[in-house]
Amino acid sequence: SHVSWHQDLTYWGLSHDDQVSMWLALSPATQESGCMRMIPGSHKLGKVEHQTTEDDTNVLLQGQTVTSVDEEQSRLCPLRPGEATFHHGWTLHASMPNRSEDRRIGLNVQYLATHVRQMKHDKDSAMLVRGEDRYHHFRTDRPATSDLDPKALERQAELERLYVETAGSA
């Protein structure tokens with residue numbers, strides 16, 4: 001499987017683009033294992049037209065794809081475990097198939113300014129990592145209290161269901 005060229009903010013349903021994504025490698029992300037590729041400076045383009053494709057090998061739920069990408073401009077982002085990439089939600093990025101014998105595992109975290117709100121539904125949640133939230137646009141998630149915390153696992157399952165229900169619609 002692969003991840004086609006796309007911009008995250010196209011289908012997230014946020015009110016503003018004051019956002020940055022972090023992808024933290026938990027296993028090696030190499031060219032062979034399909035590390036992320038980005039187009040430097042592409043966030044300055046704003047929203048780019050996406051096509052919906054039917055491709056069973058595309059990890060994106062609705063097959064969102066930007067076809068007008070100059071791949072010569074792309075840069076590979078190989079990472080060792082513990083290293084991370086940061087990119088804006090308008091940054092064009094993709095990953096090739098994993099051709100290695102190992103899994104490519106990472107943790108994706110979205111950082112939003114507190115004035116940003118979810119426009120698709122009212123069930124999204126966030127955890128304040130710094131400062132004060134005067135807007136309260138998101139339900140407040142609490143940190144897990146222990147490994148395999150039942151309440152945290154239940155909440156994670158709920159968030160995954162919500163993501164599948166809403167992700168992909170532009």
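Residue numbers (the numbering used here): 1 to 170.
Ideal Cβ positions, reconstructed from N, Cα and C, are used throughout, including at glycine.
Boundaries of the alpha helix (DSSP H) in which residue i is found, first to last residue
{"i": "Ala157", "result": "Pro150 to Thr166"}
Three-state secondary structure (DSSP) of residue i
{"i": "Ser15", "result": "coil"}
{"i": "Ser1", "result": "coil"}
{"i": "His6", "result": "strand"}
{"i": "His50", "result": "coil"}
{"i": "Ser42", "result": "helix"}
{"i": "Tyr135", "result": "coil"}
{"i": "Ser125", "result": "strand"}
N-terminal and C-terminal residue of the beta strand (DSSP E) that residue i is part of
{"i": "Ala84", "result": "Ala84 to His87"}
{"i": "Arg75", "result": "Arg75 to Cys77"}
{"i": "Val69", "result": "From DSSP, Val69 is part of no beta strand (DSSP E); its letter is neither H nor E."}
{"i": "Ala94", "result": "His93 to Ser95"}
{"i": "Leu26", "result": "Looking at the DSSP string, Leu26 is not in any beta strand (DSSP E), and its letter there is neither H nor E."}
{"i": "Leu107", "result": "Gly106 to Leu112"}
Any chain B beta carbon closer than 8 Å to residue i
{"i": "Met38", "result": "Among the chains in the structure shown there is no chain B, since it carries only a single protein chain."}
C-beta atoms of residue i and residue j nearer than 8 Å
{"i": "Thr85", "j": "Trp23", "result": "yes"}
{"i": "Gly34", "j": "Ser95", "result": "yes"}
{"i": "Thr57", "j": "His121", "result": "no"}
{"i": "Ala29", "j": "Leu79", "result": "yes"}
{"i": "Arg37", "j": "Ser1", "result": "no"}
{"i": "Leu45", "j": "Trp12", "result": "no"}
{"i": "Arg99", "j": "Glu154", "result": "no"}
{"i": "Leu92", "j": "Ser42", "result": "yes"}
{"i": "Ala25", "j": "Glu83", "result": "yes"}
Quiz item: Counting pairs of beta carbons, one from the segment 14-21 and one from the segment 111-125, are three or more of them closer than 8 Å?
Solution: Touching, per the Cβ criterion.
Self-check item: Stretch pair the segment 66-74 + the segment 40-51: three plus CB contacts closer than 8 Å
Solution: yes
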